[in-house]
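Structure first, then comments.
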Amino acid sequence: MSLTGFVRFLRQSLQRLESDFIQAVGLDRSLGPALAVNGPSLLPQPNNSSEPSFLDSIFWMAVPKKRRTIEVNRCRRRNPNKMIKVKTNIEPCVQCGNLKLKHTLCGFCYEKIQKETSLIRRQIQNMEGRPLNTPAVETVVLYENETPGEADQGKRIVERSRKRPSWFNL
Amino acid sequence: MRLTLRALISHGRVARRMGLGPESRINMLRNILTGLVRHERIETTRVRADEVQFYAEKLIDYAKKGDTNEKSMKMADFWLTEKDLIPKLFKVLAPRFENQPSGYTRMARLPNRENLDRAAMAVIEYKGNPFPPLFPVKQDNELNLVNQLLKGYREEQAQLNHSGHKLVFWITRM
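Taken in order, these protein sequences are the chains called A and B.
Mapping to UniProt numbering: the first sequence position 146 is 146, numbers consecutive.
Mapping to UniProt numbering: the second sequence position 88 is 88, numbers consecutive.
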């Protein structure tokens, strides 16, 4: 990989710089008189290290220096931006008394309405017979013992066989 | 000179992205709108209900122009995938809202869906539908103690006023 090659190049250049510097200053003891030869090793060779070991390639990784104490941990874990926010928009429903959010319908009351709506829709489905059979007239829902009024003339009447619920007054 | 990264920051953008792209968004809204016209009350996610509200009201505006209008019929044909709703739109919904200039739909928020996704739900309906009302009309019960006391108080005041007027009338007569 280029990283190991880069590391090797840097180390070699550093060593070269170091040896040049030492020669320039004159602290190098290895060179004797100019014509003296020192045996088989003629010139100082940069020591070609073997393959850079594994530990050299992780030379510059980020790592925690110290253990985070429990006090510091507590400060981080318990500061307000990590705690769950308290909701102040909860209020009781006027009709049933269950809790609801201010800008939302009450779940209990809506459940009642939804059940009744689905029963009305089932009745409509039975009346229509097959799918895609909507008539082009208005619909009105009548409960037990109710007769269509003058406003209900010309409308499709859906009959529900129960007493009219108290919350369904139009 | 443009100083911000247009793609990453969306401050002030009002157009919503839904589905797989603009065409997918229109198809999704078309399905929801067809369901709304058929059932007159629909329960969906809040964002979809908000988007559909605009299209539902525009559809009614087109339907009000009349059956014979070319553009209206094309719009109805495009937006309603179930073709038995086109007569319903022109003969039921348009006359229902004849006298209203706008505001044919009502949207109310619901508690989050019970699934794992806890989606924010809303119910959207055409006004004047035959179903039970979402916002029940407040009915004061006359048999409450407080209401009975208030009734008695009102009656007493009425008596006093009545007798007081009689007195004033008598004095002036005198």
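Where a beta carbon is used, it is the ideal one built from N, C-alpha and C, also for glycine.
Quick caveat: nothing in here was measured; it's all calculated off a predicted structure.
DSSP three-state call for residue i: helix, strand or coil?
{"i": "A:Glu159", "result": "strand"}
{"i": "A:Leu142", "result": "strand"}
{"i": "B:Val92", "result": "helix"}
{"i": "A:Leu14", "result": "helix"}
{"i": "B:Met75", "result": "helix"}
{"i": "B:Pro132", "result": "coil"}
{"i": "A:Thr4", "result": "helix"}
{"i": "B:Glu43", "result": "strand"}
{"i": "B:Lys166", "result": "helix"}
{"i": "A:Lys100", "result": "strand"}
{"i": "B:Gly152", "result": "helix"}
{"i": "A:Ala62", "result": "coil"}
{"i": "B:Leu80", "result": "coil"}
{"i": "A:Ile84", "result": "coil"}
{"i": "A:Glu150", "result": "helix"}
{"i": "A:Leu132", "result": "coil"}
{"i": "B:Pro87", "result": "helix"}
{"i": "B:Gln159", "result": "helix"}
{"i": "B:Leu145", "result": "helix"}
{"i": "A:Val25", "result": "helix"}
{"i": "B:Glu98", "result": "coil"}
Please report the straight-line C-alpha distance between residue i and residue j, rounded to a whole angstrom.
{"i": "A:Pro135", "j": "A:Arg121", "result": "14 Å"}
{"i": "B:Lys65", "j": "B:Leu116", "result": "45 Å"}
{"i": "B:Tyr55", "j": "B:Leu160", "result": "59 Å"}
{"i": "A:Val137", "j": "B:Asn31", "result": "22 Å"}
{"i": "A:Val141", "j": "B:Phe131", "result": "8 Å"}
{"i": "A:Glu111", "j": "A:Arg130", "result": "28 Å"}
{"i": "B:Thr34", "j": "A:Arg68", "result": "59 Å"}
{"i": "A:Arg8", "j": "B:Ser24", "result": "55 Å"}
{"i": "A:Lys65", "j": "A:Phe6", "result": "26 Å"}
{"i": "B:Ala158", "j": "B:Val137", "result": "29 Å"}
{"i": "B:Leu149", "j": "B:Phe135", "result": "28 Å"}
{"i": "A:Met83", "j": "B:Phe97", "result": "49 Å"}
{"i": "A:Val72", "j": "A:Arg78", "result": "10 Å"}
{"i": "B:Ile9", "j": "A:Ala62", "result": "31 Å"}
{"i": "B:Asp67", "j": "B:Pro87", "result": "9 Å"}
{"i": "B:Pro101", "j": "B:Leu93", "result": "14 Å"}
{"i": "B:Leu145", "j": "A:Asn169", "result": "24 Å"}
{"i": "B:Asn147", "j": "B:Asn141", "result": "8 Å"}
{"i": "B:Arg16", "j": "B:Gln53", "result": "14 Å"}
{"i": "A:Lys87", "j": "A:Pro80", "result": "14 Å"}
{"i": "A:Gln12", "j": "A:Leu3", "result": "14 Å"}
{"i": "A:Glu150", "j": "B:Leu80", "result": "32 Å"}
{"i": "A:Arg76", "j": "B:Pro133", "result": "50 Å"}
{"i": "B:Gly164", "j": "B:Glu156", "result": "12 Å"}
{"i": "B:Arg154", "j": "A:Lys85", "result": "48 Å"}
{"i": "A:Gln114", "j": "B:Asn129", "result": "14 Å"}
{"i": "A:Glu91", "j": "B:Gly12", "result": "32 Å"}
What span of residues does the alpha helix (DSSP H) with residue i cover, start to end?
{"i": "B:Thr34", "result": "Pro22 to His39"}
{"i": "A:Thr117", "result": "Gly107 to Glu128"}
{"i": "A:Glu71", "result": "Ile70 to Arg77"}
Rank the options by C-alpha distance to the C-alpha of residue i and give the top, closest one.
{"i": "B:Arg41", "options": "B:Asp117, B:Met107, B:Pro136 and B:Leu29", "result": "B:Met107"}
{"i": "A:Lys163", "options": "A:Thr104, A:Glu116 and A:Met83", "result": "A:Glu116"}
{"i": "B:Leu29", "options": "B:His11, B:Arg48, B:Gly21 and B:Arg17", "result": "B:Arg48"}
{"i": "residue 213 of chain A", "options": "A:Asn79, A:Leu99, A:Val158 and A:Val86", "result": "The question about residue 213 of chain A has no answer here: the residues shown for chain A are numbered 1 through 170."}
{"i": "B:Pro95", "options": "B:Asp61, B:Pro133, B:Asn112 and B:Leu5", "result": "B:Asp61"}
{"i": "A:Trp167", "options": "A:Gly154, A:Cys109, A:Glu150 and A:Leu10", "result": "A:Cys109"}
{"i": "B:Glu51", "options": "B:Ile124, B:Asp140 and B:Asn141", "result": "B:Ile124"}
{"i": "A:Leu101", "options": "B:Glu156, B:Pro22 and B:Asn112", "result": "B:Asn112"}
{"i": "B:Met18", "options": "B:Gly12, B:Asn27 and B:His11", "result": "B:Asn27"}
{"i": "A:Thr139", "options": "B:Glu114, B:Asn69 and B:Lys91", "result": "B:Lys91"}
How is the beta strand (DSSP E) around residue i delimited, first residue to last?
{"i": "B:Val47", "result": "Counting along the chain, B:Val47 falls outside any beta strand (DSSP E), though it belongs to the alpha helix (DSSP H) covering Arg46 to Lys64."}
{"i": "B:Glu125", "result": "Met121 to Tyr126"}
{"i": "B:Arg106", "result": "Thr105 to Arg109"}
{"i": "A:Pro92", "result": "Ile90 to Pro92"}
{"i": "B:Leu8", "result": "Per DSSP, B:Leu8 belongs to no beta strand (DSSP E) and is neither H nor E."}
State yes or no: is the C-beta of residue i within less than 9 Å of the C-beta of residue j?
{"i": "B:Gln104", "j": "B:Lys71", "result": "The question names Gln, but residue 104 of chain B in the sequence shown is Tyr. No."}
{"i": "B:Arg38", "j": "B:Ala122", "result": "no"}
{"i": "A:Ser161", "j": "A:Glu144", "result": "yes"}
{"i": "B:Lys83", "j": "A:Leu132", "result": "yes"}
{"i": "A:His103", "j": "A:Asn126", "result": "no"}
{"i": "B:Leu59", "j": "B:Met73", "result": "no"}
{"i": "B:Leu89", "j": "B:Ala63", "result": "yes"}
{"i": "A:Gln123", "j": "A:Cys106", "result": "no"}
{"i": "B:Leu110", "j": "B:Glu57", "result": "no"}
{"i": "A:Pro148", "j": "A:Lys155", "result": "yes"}
Indicate whether at least one CB of chain D lies closer than 9 Å to the CB of residue i.
{"i": "B:His165", "result": "In the structure shown, chain D does not exist; the protein chains are A and B."}
Measuring from the CB of residue i, is there a heavy atom of the ligand FMN at a distance below 8 Å?
{"i": "B:Gln157", "result": "The ligand FMN is not part of the structure shown, which contains no ligands of any sort."}
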